[in-house]
Amino acid sequence: MKIITKYLSLGLSVLLLSLTGCGSDNEEQKENLIPVKIYNVQPESLKEYLNITGTISAANDQILYSKISERIDQILVKPGDFVKTNQIIARQYNALLSQSVDVAKANLKNTEAQFELAQQNYNRIQRLFEQRAVSQQQFDQAATQFKVANSALDAASAQLEQAIEQLDNSLIKAPFSGIAAAVFVELNQMVSAGQQIAQIVDPSSMKSKLKVISRDIKYVKKGLPVEIVIPSIPDKKYKGKIISVDQAVDPLSKSLEIEVLITNTDNNLKSGLYGEFMIPVNEIDNTVVVPETALLSQTEVKINKGTGMQETLKKYFLFIVQDDKAKIKEVTVGLISNSRAQITSGINFNDKVIIVGNNIVRDDQKVQIID
3 MKIITKYLSL GLSVLLLSLT GCGSDNEEQK ENLIPVKIYN VQPESLKEYL
53 NITGTISAAN DQILYSKISE RIDQILVKPG DFVKTNQIIA RQYNALLSQS
103 VDVAKANLKN TEAQFELAQQ NYNRIQRLFE QRAVSQQQFD QAATQFKVAN
153 SALDAASAQL EQAIEQLDNS LIKAPFSGIA AAVFVELNQM VSAGQQIAQI
203 VDPSSMKSKL KVISRDIKYV KKGLPVEIVI PSIPDKKYKG KIISVDQAVD
253 PLSKSLEIEV LITNTDNNLK SGLYGEFMIP VNEIDNTVVV PETALLSQTE
303 VKINKGTGMQ ETLKKYFLFI VQDDKAKIKE VTVGLISNSR AQITSGINFN
353 DKVIIVGNNI VRDDQKVQII D
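Have a look at this one:
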């Protein structure tokens, strides 16, 4: 699990000066106040994240294909245009198809008239047959004519539906609202059935498929919220959620694929952008938290008397303001996440931690707090 960690190093010599100082410097401090910015420590919560990197793509990204072989008669959008659901993107030549619809409509109208006559005749013959005024043969003949007329009506209706469908197939329509990302044909170009016509992208939501290594699988499940940072879009965080988790681990990479749906609130997200996906895995409540930039560090190298091996010890410090003076405090750092650090010992709630100017002040030096 990767947690963002970055420290502002403080050289050993600088740290020693901050701890000791001299009398003449103290006199100078009375006159020269160092401007600093502070962070008031209050009880906060701090989240720990599983960080995964990946690229994003449009959640709805569809290529539109020709359904018939015919030339392009009209192109009604250009790349970048917004389109609505069922809006016509392009029209293929369809004069003959339109004529077929007209012929089918006329045929249906004529067939309906014949059906009505056959139905009326059947109803009349049926009444007479019940009164024993016509023979069985006459009744059977009327019934057969009515059945044939009904079948002809069904066939004419189906013929019209097919003609309308063929005409509709000459119209390339947007399946959803979005942006015309590309148009692949030109006016009067002859295209075959199955040929690419245009590409429609819905920018309102994006997605990303991510690989989770085996040791982190326990942290992911469907429905979990995700925070997304795009390096090329600074100072902006996007929200998403896990919408699917594979049920099997890839035997080669030993990883599990998950899919994240991202809300593109400002439509600035584009397919192909690289992002960092942060999945919350732990949260610490009511703890001391400071900006990571407040931390100063010193690394000590010691020789282990028992083993004779070198050992390194990293200590952390920060400055607080007490009685208008900078006071250095050695602190114990816990979780560091999202440029914020948990302090488990060394300072308390309501302390005023220096976050700007902390790399130039010295212990016991007078400071001036600025906004």
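Numbering (this note's numbering), first residue to last: 3 to 373. Cβ atoms here follow ideal geometry from the backbone N, Cα and C, with glycine treated the same way.
I'd like to confirm the pairing. Which residues does DSSP put opposite residue i in its beta bridges?
i: residue 48; result: 286
i: residue 208; result: 60 and 264
i: residue 318; result: 299 and 333
i: residue 258; result: 214
i: residue 227; result: 243
i: residue 55; result: 278
i: residue 84; result: 181
i: residue 339; result: 342
If you check the beta carbons only, do residue i and residue j fall under 8 Å apart?
i: residue 168; j: residue 184; result: no
i: residue 320; j: residue 298; result: yes
i: residue 322; j: residue 272; result: no
i: residue 256; j: residue 286; result: no
i: residue 212; j: residue 54; result: yes
i: residue 276; j: residue 236; result: no
i: residue 93; j: residue 173; result: yes
i: residue 116; j: residue 165; result: no
i: residue 226; j: residue 243; result: yes
i: residue 290; j: residue 356; result: no
i: residue 61; j: residue 218; result: no
i: residue 230; j: residue 279; result: yes
i: residue 70; j: residue 176; result: no
For residue i, does the three-state DSSP call read helix, strand or coil?
i: residue 163; result: helix
i: residue 75; result: strand
i: residue 222; result: coil
i: residue 117; result: helix
i: residue 42; result: strand
i: residue 4; result: The pLDDT assigned to residue 4 is 38, lower than 50, so where the model puts this residue is not dependable, and the model offers no usable value.
i: residue 324; result: strand
i: residue 103; result: helix
i: residue 363; result: coil
i: residue 304; result: strand
i: residue 275; result: coil
i: residue 98; result: helix
i: residue 66; result: strand
Can you tell me where the beta strand (DSSP E) holding residue i begins and where it ends?
i: residue 242; result: 239-247
i: residue 346; result: 342-347
i: residue 375; result: The question about residue 375 has no answer, for the chain in this structure spans 3 to 373.
i: residue 94; result: 90-94
i: residue 369; result: 369-371
Any alpha helix (DSSP H) of 4 or more consecutive residues that is wholly inside the stretch 127-210: Qualifying alpha helix (DSSP H) stretches, in chain order: 138-171.
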